[in-house]
Every structure is written in C-alpha cells, then in structure tokens.
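Right, one structure below, let's go through it.
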Amino acid sequence: MCEVLNPDNSVHWSNTRAHLREVAEKYKSQDAWFGIERNNTFFQGARPLGWPRQRFSRPQGGYYCGVGSDEVFGRDVVEAHTQACIKAGIHMSARMPR
C-alpha cells in the first residue's frame with residue numbers, strides 16, 4: 322500500500338487509503354482482514370499472451386475473467402505462483418465475494 326501526498330505532506334484528494342488509518346485506529350482491538358484482487362497479464366512481445374496477431378477488437382467476455390480453457394493462457398505460471406504464495410504462508414482464497 323502506498324500514500325499519495327501533496328508537497329506539504331497533507332493527504333492528496335485522491336488518496337482514498339488515508340481513511341484506513343482512522344478506521345484501523347478505531348478498530349485496533351479487532352483483527353483486520355484485507356481482500357486484494359490478484360490480476361495476471363502475460364505478454365508475448367507487445368500483445369497479451371494468446372491474443373491473435375491482428376488487432377483484437379472482440380468485446381470483453383470470457384477472456385477477461387479467464388473463463389474456459391480456450392481463454393486462459395499462462396495458467397501454469399499462475400498456478401505455480403499461487404502454490405509459492407501458499408508455501409510462503411500467504412493465505413489465498415478463490416472464493417468470490419457475494
């Protein structure tokens with residue numbers, strides 16, 4: 322996480338994370354859980370891995386969320402990274418919020 326500050330060290334208007342300090346202080350006696358979305362984009366040259374050489378103009382669909390084996394490229398790298406994170410003690414879950 323990072324902070325975005327003005328030159329005088331005041332909180333920049335776009336810094337939505339600054340509010341977290343207030344919330345963390347208010348609820349410091351409770352455990353905090355954070356959800357961080359992990360995205361993976363692999364490139365082959367100047368285009369995303371698996372995309373056709375010509376201009377890609379299809380609307381967002383299955384490829385956006387990696388739905389279907391014909392839409393997922395580099396899955397072996399993603400799985401290896403997930404296992405490395407778990408082995409390192411980083412708790413991960415594939416459960417999506419409702």
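According to my numbering, the stretch in the sequence shown is residues 322 to 419, in order. The beta carbon of each residue, even a glycine, is placed where N, CA and C say it ideally should be.
Asked	Found
Cα-Cα separation between F394 and E358, rounded to whole angstroms	19 Å
Beta-carbon proximity check, Q365 vs G356, cutoff 9 Å	no
L370 (DSSP reduced to helix, strand or coil)	coil
Alpha carbon of M417 to alpha carbon of T403, nearest angstrom	Its pLDDT being 49, under 50, M417 is placed unreliably by the model, and the measurement read from it follows with that caveat. Near 16 Å, if we compare the C-alpha coordinates of T403 and M417.
Collapsed DSSP secondary structure at Q351 in the structure displayed	coil
Enclosing alpha helix (DSSP H) for Q404 [first to last residue]	396-408
Identified DSSP bridge partners for Q365	R368
Three-state secondary structure (DSSP) of V344	helix
Cα-Cα separation between K347 and G410, rounded to whole angstroms	28 Å
Nonlocal neighbours in the same chain, by C-beta distance under 7 Å from V399, ignoring five residues either side	N361
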